[in-house]
Ligand SMILES: [Zn+2]
């Protein structure tokens, strides 16, 4: 049984833990377990206050195209890779990317 608890009560790679905290907080220094002291990595939308697990990312891609008169004859290769235009909250459309030009209709 104690071996099982040892396995559970260990920090996990990639997670953040509160090592010290006030007596009201869960922290290693207060004798709480690693699992209890985990600091959740959650992005909260500043507009709709929802916790986000994903965002919508808009990007633009440029291509050089060969012309014959007014007809495109060759799309060629991508000259510039994706450029971010907007990063939006999927709930309210709040733009995390201040220079974004896309607005939800
Ligand atoms: Zn939002």
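Residue numbers (this note's numbering): 1254 to 1358.
All C-beta atoms, glycine included, are put in the ideal place defined by N, C-alpha and C.
Nearest to residue 1290 by C-alpha distance, out of 1343, 1298, 1296, 1281, is 1281.
The three-state reading of DSSP puts residue 1275 in coil, since its state is none of H, G, I, E or B. Set against 6 Å, the gap from the CB of residue 1347 to the closest heavy atom of ligand 1 is smaller.
A residue is called buried when at least 16 other Cβ atoms come within 10 angstroms of its Cβ; residue 1348 meets this threshold and is buried. Placement of the Cβ of residue 1300 at a distance of less than 6 Å from at least one heavy atom of ligand 1 is found. Secondary structure of residue 1290 (DSSP, three-state): coil. Around residue 1350, the same chain offers 1337, 1339, 1340 as residues with beta carbons nearer than 7 Å, after the five sequence neighbours per side are excluded. Under a 10 Å Cβ-count criterion, residue 1301 is classified as exposed, with fewer than 16 other Cβ atoms of the shown protein chains found around its own Cβ.
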